[in-house]
Amino acid sequence: MTRTTLVASLTVVGLLCLAADASLFGAEYLSGIQWSEPAVIDPGPPGGPPSDAVVLFDGKDMSKWDKAEKWIVKDGFVEAGPGAPVSKDVFGDCQVHVEWASAEEIKGEGQGRSNSGVFLMGIYEVQVLDSFGNKTYFDGQCGAIYKQHPPLVNACRKPGEWQTYDIIWKGPKFDAEGKLVSPAFITVLHNGVVIQNHFQLEGDTPYHRAPEYKPHPDKGPISLQYHGNPVRFRNIWVRELQDVAHERVAEPSIRK
Ligand code: MG
1 MTRTTLVASL
11 TVVGLLCLAA
21 DASLFGAEYL
31 SGIQWSEPAV
41 IDPGPPGGPP
51 SDAVVLFDGK
61 DMSKWDKAEK
71 WIVKDGFVEA
81 GPGAPVSKDV
91 FGDCQVHVEW
101 ASAEEIKGEG
111 QGRSNSGVFL
121 MGIYEVQVLD
131 SFGNKTYFDG
141 QCGAIYKQHP
151 PLVNACRKPG
161 EWQTYDIIWK
171 GPKFDAEGKL
181 VSPAFITVLH
191 NGVVIQNHFQ
201 LEGDTPYHRA
211 PEYKPHPDKG
221 PISLQYHGNP
231 VRFRNIWVRE
241 LQDVAHERVA
251 EPSIRK
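256 is the number that my numbering gives the last residue of the sequence shown; the numbers go up by one with no jumps.
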């Protein structure tokens, strides 16, 4: 087939598709749901923060956190120290952006190399660890949901390089009696790579026992772990996620 014939054939196919679409223009599916207009936001520069984010750390101070007295801010980042910072703000379902860097100088091995963690609702840990050429148990390596699920791949950058976590969190829901109604789900991108894909959590993430759900409010803080190892953080922000307001005003239908 010559190029000219190919182009002509594709044009005919295109016109036929348009004709088929045109025949459908007379009918339209209507969901019967009246949606509010999605809010207009400014996504901000690469890495954010978007205009609707709560900025928890912008490189200047840790005033948005409790228990951060021994975390030292300098040169636009914060260096982990004794204590586990807990955000003063609490969040339900949310998107969390965190940047972190393991120590440039390699010390220790396994769980002892820049071990830290990002805790959703102060309870559920996404492991932070230097897993660049550093083996440990897989459900405890960098990006693991600690003791529950390893990352789908190891997307770690080299020691000392800045790395990103983008976490999409759907928290567990409990009824008035404290019974679990809906478990937690988490998606995590590490350096832009999906490493947790809508994973369903079995409960909390301790080292010493099986995970379990204990009832808690629908909102909780973000917290960071100090495990005795050097690790740095910067550019931490959170967006609460809510569905677009809507109401059903009719049954689904086809308008002709
Ligand atoms: Mg940890």
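Idealized CB from N, CA, C, for every residue including glycine. Treat the numbers as computed from the prediction; the structure is a model and nothing was measured.
- Looking only at 231, 61, 186 and 115, the smallest Cα-Cα distance to residue 121 is reached by 186.
- At least one heavy atom of the ligand MG is found less than 7 angstroms from the C-beta of residue 117.
- By alpha-carbon distance to residue 152, the top candidate from 75, 176, 142 and 158 is 142.
- Rounded to whole angstroms, the separation of the alpha carbons of residue 114 and residue 230 is 5 angstroms.
- Residue pairing by DSSP places residue 237 opposite 55 and 97 in a beta bridge.
- For residue 225, the secondary structure class from DSSP, reduced to helix, strand or coil, is coil.
- Bounds of any beta strand (DSSP E) do not take in residue 148, whose DSSP letter is neither H nor E.
- Remark: C-beta atoms of residue 150 and residue 102 do not approach each other more closely than 8 angstroms.
- Distances between the C-beta of residue 86 and the heavy atoms of the ligand MG are all 7 angstroms or more.
- The count of Cβ pairs closer than 8 angstroms, one atom from the stretch 217-227 and one from the stretch 71-91, reaches three, so the stretches are in contact.
- Its chain contains 100, 116 and 117 as the residues whose beta carbon lies nearer than 6 angstroms to that of residue 128, once the 5 sequence neighbours on both sides are disregarded; these appear in chain order.
- Inter-residue distance for residue 95 and residue 202 is about 20 angstroms (C-alpha atoms, whole angstroms).
- With contacts defined by Cβ atoms closer than 8 angstroms, residue 53 and residue 256 do not form a contacting pair.
- Assignment of residue 132 by DSSP, reduced to helix, strand and coil, places it in the coil class.
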